[in-house]
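Q:
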Amino acid sequence: MGYRPIEDYGIIGDMHSLALVGMDGSIDWLCFPHFDSPSVFAAILDDEKGGRFKVSPAFESFTTKQLYWPDTNVLVTRFFLHHGVGEVIDYMPVDDPEDGHWRHQLIRRVRVVRGEVTFRMECSPAFDYAREEHETNLVAGGACFRSSRLSLGLATHVPLEQRGSGVVAEFTLREEQRAVFELQEIEAGYGFDVSLWEQEEEMLFERTVEYWRRWLLKCTYKGRWREMVYRSALALKLLTYEPTGAIVAAPTCSLPETLGGGRNWDYRYTWLRDAAFTLYGLLRIGFTEEAARFMDWLESRCECSNPDGSLQLMYGIDGQSDLTEETLDHLEGYHGSRPVRIGNDASHQLQLDIYGELMDAVYLYNKHGGPISYDLWTRLRTLINWVCDNWRREDEGIWETRGGRKHFVYSKLMCWVALDRGLRLAEKRSFPADRERWLKVRDEIYEEIMERGWNEEHQTFVQAYDDDTLDASNLVMPLVFFLSAKDPRMLSTLEAINRSPGEGGLVSNGLVYRYDVEKSPDGLKGEEGTFSLCTFWLVEALTRAGRVEEARLIFEQMLSYANHLGLYAEEIGPGGEALGNFPQAFTHLTLISAAFNLDRALGAGS
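Anchor point for the sequence shown: position 90 equals 72 in this note's numbering, and the numbering is continuous, going up by one each time.
1. Using three-state DSSP, classify residue 118 as helix, strand or coil.
2. May I ask you to report which of helix, strand or coil DSSP gives residue 539?
3. Grab the span of the beta strand (DSSP E) containing residue 10 for me, first residue to last.
4. Looking at C-beta atoms only, is the number of pairs between the stretch 543 to 557 and the stretch 469 to 487 that lie closer than 8 Å three or more?
5. From the DSSP output, read off the bridge partner residues of residue 277.
6. DSSP on residue 559, reduced to helix/strand/coil?
7. Beta-carbon separation of residue 107 and residue 22 under 8 Å?
8. Using a Cβ-Cβ cut-off of 6 Å (strictly less than) and excluding sequence neighbours within five positions of residue 393, which residues of its own chain qualify?
9. Run through the DSSP bridge pairs and tell me what residue 592 is partnered with.
10. Taking residue 565 as the reference, which of 452, 457, 232 has the closest Cα?
11. What residues are listed by DSSP as bridge partners for residue 105?
12. Between the alpha carbons of residue 2 and residue 12, how many angstroms are there, rounded?
13. On the criterion of 16 or more Cβ atoms from any shown chain inside 10 Å, does residue 417 qualify as buried, or is it exposed?
14. Grouping DSSP H, G and I as helix and E and B as strand, with all else coil, what is residue 2?
15. DSSP three-state call for residue 224: helix, strand or coil?
16. Given a threshold of 16 other Cβ atoms within 10 Å of its Cβ, counted over all protein chains shown, does residue 515 qualify as buried or as exposed?
17. Report all residues from its chain with a CB closer than 6 Å to the CB of residue 138; omit the five preceding and five following residues, and keep chain order.
18. On a CA-only basis, which of 127, 18, -1 is nearest residue 596? Give me that one, please.
19. On the DSSP bridge assignment, give the partners of residue 235 in chain order.
20. Helix, strand or coil for residue 217? Go by DSSP, reduced to three states.
21. Quick check: the Cα distance between residue 252 and residue 432, rounded to an integer number of angstroms?
22. Can you give the Cα-Cα distance for residue 172 and residue 136, rounded to whole angstroms?
23. Would you kindly report the start and end of the unbroken alpha helix (DSSP H) that includes residue 347?
24. Taking the CB atoms as reference points, tell me whether residue 15 and residue 169 lie closer together than 8 Å.
25. Sorted by chain position, which residues of the same chain lie with C-beta nearer than 8 Å to residue 268's C-beta, five sequence neighbours on each side aside?
26. What span of residues does the alpha helix (DSSP H) with residue 425 cover, start to end?
27. Please state whether DSSP places residue 23 in a helix, a strand or coil.
28. Comparing C-alpha positions only, which one of 55, 456, 458, 437 sits nearest to residue 448?
29. What is the DSSP secondary structure of residue 69, counted as helix, strand or coil?
30. Return the residue from the list 90, 534, 361, 580 that minimises the CA-CA distance to residue 103.
31. Cβ atoms of residue 35 and residue 9: under 8 Å apart, would you say?
32. Flag this pair as yes or no: are the beta carbons of residue 313 and residue 27 separated by less than 8 Å?
33. Please tell me whether residue 512 and residue 530 are closer than 8 Å, where the distance is taken between their beta carbons.
34. Do residue 62 and residue 100 have their CB atoms nearer than 8 Å?
35. Quick one: is residue 560 buried, meaning 16 or more other Cβ sit within 10 Å of its Cβ, or exposed?
36. Report the option in 73, 113, 216, 229 whose CA atom is closest to the CA atom of residue 24.
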């Protein structure tokens, strides 16, 4: 069937897992029942072996459009034929049942809104990343797929036919007729009470629509670009793991940063560095409950810190620390982009910046959410003392390079943030702290960044001490109040970054590269696209520097690179295509922040 562009997908989910639904009606990615569970459908990583669940018109050509049911995460894929219009409505029920036992379900409602359409359905699961065989049985009211660790039931009134280890069906619907397919985890028995289930399905649909609309009502953002901010908020909610409040960086693994390259990573985990941006984004637009849940998750990580107070830079959605990286050599990868990786060995890296982002998150939550406890403060105090002892070390940095450690300026910057926010929090809450030591170290870091992180010849802050390479992460300096956005050093750094790559900068027609991989080898093969979150950082830096109209133009241009549903992958390729894992939470968080601050700078009457 061939690989679809990454941007051709919409997403549905239930805050436990998430599915990618292509514009051709094919679910090509689903890990079940949780984000980090092995995949059941993974055709996006191997078109032949990965497995898919597809519903689309049979036999004839068609065009398609996708849209969301207004103010929800219920996805509509519409098919236009010369004699009719059909559609598939996909959703995963999210209303927690009264018995507390969450039923993980994926429901596909197929209907014809005009004329008559013949559909073809194919459900071909491939359990455990297509590594495990399964048994397929046709039963009354559907089919069962049983592997050693997971069994799924497909319930439907449509007659099914077994094809290999999957099932297929062809069926014709006329105007206002519909068919329903429901996939769910099953435990015992082969039977389905389909008559009862179809009555429940309408109720599940209505409750799911109501859930999303009720949730979105909490959003306080009323400014420009409200539709994009709403979609980003809805996407972030889908990326939240309900049991713990953790937010995954992305729901996919090994979607390439460049086709055919080796920059293919598993993002189905939660990075501490996302903490400050997550808290800021959620609190700014009124989602205090979600911010509180994520704060609980962060506090749990602090409770499980190493004896010296240090933390791992990323964790599993349930707090798991073992994220051992593994290569799946039997999968060819998206468009042949090997290797396909699960797990992430970057979890063992030293990335000193995470402590600044963590402390900024705690500070913001204490200020805008709710007061933190003394017990959490004692753990944070140990953590800050660890930063005092270790900030001079080299590390792998925010971009998780695999070419050796350096004195990355961004890492030092965030160590400064850790101490600064610790001091502010101690003062605000009158907590006991080693203020004299913290203040001394904070000032030492500041002066060292100004001396060794600043290139006097080029008049810019650089990627690492004593070099001349630019890095987009330095755009964060005014965002964390290290420097005024109008400080001469910040303005000249902004000017240097904002030049085109041909002129030594990092910005190509408003799109921002993280750094120049040729000037700064990172130990990885291949090139990469522009980094979407860095573009939103540029928008914020320009906004704070008073260059509001320039910021607005770049922001509006960046919005045009979202897919048809307003979703962003990690990167944008040379042809404007989406690259990397999809959708990426960090990009949507920075979009919300940029929209909020740019809208405020433009003023209510503009």
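C-beta: ideal position from N, C-alpha, C; glycine also. What you are looking at is a predicted structure, and each value in this text was computed from that prediction instead of being measured.
A: If we stick to the structure as given:
1. Residue 118 falls in the strand class under three-state DSSP.
2. helix
3. 8 to 13
4. no
5. Paired residue(s): none; residue 277 is not in a bridge.
6. coil
7. Yes. Within cutoff.
8. 334, 335, 377, 379
9. With the chain running from -17 to 588 in the structure shown, residue 592 is simply not present.
10. 232
11. 35, 149
12. 7 Å
13. exposed
14. strand
15. coil
16. buried
17. 124, 163
18. Residue 596 cannot be examined here, being either before or after the span of the chain that is shown, -17 to 588.
19. 248
20. DSSP, reduced to helix, strand and coil, places residue 217 within a helical segment of the structure shown.
21. 32 Å
22. Any answer about residue 172 is weak, because its pLDDT of 49 lies below 50 and its placement is not dependable; what the coordinates show is given next. Going by the C-alpha atoms only, they are around 10 Å apart.
23. Looking at the DSSP string, the run of the alpha helix (DSSP H) that includes residue 347 is 336 to 350.
24. no
25. Once the five neighbours on either side are set aside, the close Cβ partners of residue 268 are 200, 201, 202, 203.
26. 417 to 434
27. strand
28. 437
29. strand
30. 90
31. Taking 8 Å as the Cβ cut-off, residue 9 and residue 35 qualify as a contacting pair.
32. yes
33. no
34. no
35. buried
36. 113
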